[in-house]
Amino acid sequence: MTENIAIEWESIHKQTSLLYHSIVLATILVEIEHIIRISNPLAEWSRTLLSSTQTKICITQCYG
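Numbering (my numbering), first residue to last: 165 to 228.
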């Protein structure tokens with residue numbers, strides 16, 4: 165039982181870490197687009213990620 169909880173916790177931690185790094189990358193890509201003023205397909209993905217409800221909930225619950 166304890167082993168299952170540990171495995172589940174590790175999985176949640178990895179998913180949260182991946183989401184956090186995706187948010188950081190998305191923020192950087194949007195800022196780069198603003199600085200160099202070109203259309204960047206990755207910036208569109210970034211805006212979508214940053215505006216998603218799931219992302220906002222994760223930021224609120226996990227990071228403040």
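The C-beta atom is built at its ideal place from N, Cα and C for all residues, glycine as well.
CB-CB length for residue i against residue j, believed under 8 Å
i	j	result
residue 194	residue 210	5 Å
residue 187	residue 214	7 Å
Reduced DSSP category for residue i - H, G, I as helix; E, B as strand; rest coil
i	result
residue 216	coil
Residue from the options whose Cα sits closest to the Cα of residue i
i	options	result
residue 212	191, 180, 177	191
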